[in-house]
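Chemist: Residue numbers (the working numbering): 46 to 675.
All C-beta atoms, glycine included, are put in the ideal place defined by N, C-alpha and C.
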């Protein structure tokens, strides 16, 4: 029996040792996967395949590992606009690339400025004598605009092309807030600062409606103009003017309707499309596609940027401006300020501040602005380049610019400040919970979210917001070389399209990032010499690199990024977007935040890098907080 026990202990010991060895091997492999750098990959003589399974963005987000663990699908893909533009510029002049293929079946959209710039790059490929072929099961607004620059636009027989145009309804929560007897304390400075309206009104104010009409009108005009330039045969008015008549004219066959309107050229399924590509690119008998193709990431890896000449620094401020180290994907004030400070001795001839943000925390925006000013104090010229939007806090960080560039469809301005703080005294009283106590001053125990705010606290909060607004106006006036009184007349929280912003003096010139870089080089004394853009960025975290490696695989292996396949799926996609927006608005009301310089009118790019599966939990938590039952 003793011998048997010894044998048993030996076997258990061997088992434990093997388990430990396998566990160590697992973590070793995981570490290797997380820290490995992608290889350049093989370049095929054939097609450059751009599978845009997600969103086009200014700056890729980091993946939240906790949300990733809670999710049921991988996050939607993100593609930096400048990466796509560089890939296309290389393809236009590289003899190995015979055709560019746009697969937009899972495309979730991008800002209009990005779409237009990529469209110009596609035009350059075509001008170089190389065809551009696009395919999707169904195209929505952004997909229609991007595909318009292709020489052949294909659509699945069961799909179509649908243009809704910018605009739509917003949710107003005053009735819901009143029902739960939540007290939404709103403090704002700026007639047009409409972010707070959903919490204090049941409908849109006349001032907000005026601002929305101007912005969406400018975006719609720009959209139609771009389509008309790229595809003169397209007749958008047939679809958007009378959608029911358009649908009936094609017998409800939206693919045929899209072709009749000139938005697509050929109707065929994926197999027919791929056979067509193979005619140009050559057949591939051994790959996962029937034609020879090189995908975006291997193409970029095989063609690394080789800058030479004077260095122009570029700092990217993309996404909501928030306090702390958040981002990329969000513009964390501390992260960006540290990034600027860490690179101030790099010998930059000038600094370009690239802004693509609807704003956010006034404190974080000021933190970033001060870091930019430290470059200015070193006599380093500052040029601002505005992307899709540079509004509210996004304009705040632009004020140090000696020259500010915007594009016609850029949304900017929104110089206004607000804060929303909720209290639950009425909600608690409805459940029989009251409060009482002893105070020594009007501020004792304040602000009290359970007993309510005293008039003194209300007055101090409003005074703080007005002070922040005066500071914002003062900074903007000094930057624009005008008086605060004149600047205030075009501030008041109102947003402006780029061309109008130039007319009223909020920006200096209309031009893209390349134009801003050229001006920065000029101001930096480069003259006719060569210069290179050096993008300031931290190390990509290993989790994000690992997930991006997974999501850069062929489309068949992708998990996230569900796109539109027909009109019904397009409707479902819009439903999800509206639900996400509503959740963001409710969460913003209940979050612990300081003074905000944020633009509600700024369009939100479809989708996000957030993994799916965690949103429903967040929405339930939000309603729970609204009911005061946290």
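Assign residue 289 to one of two classes, buried (16 or more other C-beta atoms within 10 Å of its C-beta) or exposed (fewer than that).
Modeler: Exposed, since its Cβ has fewer than 16 Cβ neighbours within 10 Å.
Chemist: Please list the segments of the beta strand (DSSP E) lying wholly inside the segment 331-375, counting only runs of 3 or more residues, in order along the chain.
Modeler: Correct list: 338-340 and 355-363.
Chemist: With distance defined between alpha-carbon atoms, name the residue in 415, 408 and 407 nearest to residue 398.
Modeler: Minimum Cα distance to residue 398 is reached at 415.
Chemist: Look at residue 408 and residue 374 and say whether their C-beta atoms are less than 8 Å apart.
Modeler: The answer is no: Cβ separation not under 8 Å.
Chemist: Terminal residues of the continuous beta strand (DSSP E) containing residue 201?
Modeler: Element bounds for residue 201: 197-206.
Chemist: Which residue spans inside the segment 175-199 form an unbroken alpha helix (DSSP H) run of at least 4?
Modeler: Within the segment 175-199, the complete alpha helix (DSSP H) runs of at least 4 residues are 186-192.
Chemist: Here's the rule I'm using: 16 or more other beta-carbon atoms within 10 Å means buried, otherwise exposed. How should residue 449 be labelled?
Modeler: So residue 449 ends up on the buried side.
Chemist: Rounded to the nearest angstrom, what separates residue 551 and residue 529 at their Cα positions?
Modeler: Cα to Cα, residue 551 sits roughly 13 Å from residue 529.
Chemist: With DSSP collapsed to three states, give me the class of residue 123.
Modeler: In the structure shown, residue 123 sits in a strand (DSSP, three-state: E or B).
Chemist: Under 8 Å between the Cβ atoms of residue 517 and residue 462?
Modeler: Yes.
Chemist: Could you check where the beta strand (DSSP E) with residue 249 kicks off and where it finishes?
Modeler: Run containing residue 249: none; DSSP gives neither H nor E here.
Chemist: With residue 314 and residue 211 assumed to form a contact (beta carbons below 8 Å), what rounded beta-carbon distance in angstroms separates them?
Modeler: The Cβ separation is near 31 Å, so there is no contact.
Chemist: Residue 641: which of 504, 404 and 520 sits nearest, CA to CA?
Modeler: For the residues 504, 404 and 520, the minimum Cα distance to residue 641 belongs to 404.
Chemist: Would you mind giving the Cβ-Cβ distance between residue 428 and residue 564, rounded to the nearest angstrom? I have them listed as a contact below 8 Å.
Modeler: At roughly 5 Å, the Cβ-Cβ gap stays under 8 Å, so residue 428 and residue 564 are in contact.
Chemist: Going by the DSSP bridge assignment, what does residue 580 pair with across the sheet?
Modeler: Looking at the DSSP assignment, residue 580 forms a beta bridge with 359.
Chemist: How long is the line joining the alpha carbons of residue 254 and residue 456, rounded to whole angstroms?
Modeler: The straight-line gap from Cα to Cα measures roughly 16 Å.
Chemist: Note down, in chain order, each residue of its chain lying with its Cβ closer than 7 Å to the Cβ of residue 284, except the 5 sequence neighbours on either side.
Modeler: Here the set comprises 208, 291 and 306.
Chemist: Let me know if residue 467 comes out buried or exposed under the rule of 16 or more other beta-carbons within 10 Å of its beta-carbon.
Modeler: Buried, by the Cβ-count rule.
Chemist: Any idea what DSSP makes of residue 228, helix, strand or coil?
Modeler: Strand at residue 228.
Chemist: How would you write the range of the alpha helix (DSSP H) that residue 285 sits in, first residue to last?
Modeler: Counting along the chain, the alpha helix (DSSP H) containing residue 285 begins and ends at 281-286.
Chemist: Report yes or no: do the segment 143-160 and the segment 89-108 share at least 3 C-beta pairs separated by less than 8 Å?
Modeler: The answer is yes - the segment 89-108 touches the segment 143-160, with three or more Cβ pairs under 8 Å.
Chemist: Apart from the five residues on each side of it in sequence, which residues of its chain come closer than 6 Å, Cβ to Cβ, to residue 198?
Modeler: Closer than 6 Å at the Cβ level, and outside the excluded window around residue 198, lie 179, 192, 309 and 310.
Chemist: Can you tell me where the alpha helix (DSSP H) with residue 440 in it begins and where it stops?
Modeler: First-last of the alpha helix (DSSP H) with residue 440: 438-441.
Chemist: What residue range does the beta strand (DSSP E) around residue 241 cover?
Modeler: Per DSSP, residue 241 belongs to no beta strand (DSSP E) and is neither H nor E.
Chemist: Which of helix, strand or coil does DSSP assign to residue 496?
Modeler: Note: residue 496 maps to coil in three-state DSSP.
Chemist: With a Cβ-Cβ cutoff of 8 Å, do residue 372 and residue 100 count as a contact?
Modeler: No, the pair does not count as a contact, with Cβ atoms beyond the cut-off.
Chemist: Would you be able to state if there are at least three C-beta pairs under 8 Å between the segment 246-261 and the segment 269-276?
Modeler: No, the segment 269-276 does not touch the segment 246-261.
Chemist: For residue 431, which residues does DSSP report across the bridge?
Modeler: Residue 431 is bridged to 400.
Chemist: In this structure, how does DSSP classify residue 463 when only helix, strand and coil are distinguished?
Modeler: Note: residue 463 maps to strand in three-state DSSP.
Chemist: In the structure shown, what three-state DSSP assignment does residue 138 receive?
Modeler: Correct three-state label for residue 138: helix.
Chemist: Any idea what DSSP makes of residue 445, helix, strand or coil?
Modeler: Note: residue 445 maps to coil in three-state DSSP.
Chemist: Which whole-angstrom value is the C-beta distance of residue 256 and residue 540, which I expect to be below 8 Å?
Modeler: Correct: roughly 6 Å between the Cβ atoms.
Chemist: What would DSSP say about residue 165, mapped onto helix, strand or coil?
Modeler: Helix at residue 165.
Chemist: Along the chain, which unbroken stretches of the beta strand (DSSP E) at least 3 residues long are found entirely within the segment 512-575?
Modeler: Counting whole runs of 3 or more residues, the segment 512-575 contains the beta strand (DSSP E) stretches 540-542.
Chemist: DSSP three-state label for residue 90, please.
Modeler: In the structure shown, residue 90 sits in coil (DSSP, three-state: anything other than H, G, I, E or B).
Chemist: Determine, using beta carbons only, whether residue 338 and residue 91 come nearer to each other than 8 Å.
Modeler: A contact, by the Cβ cut-off of 8 Å.
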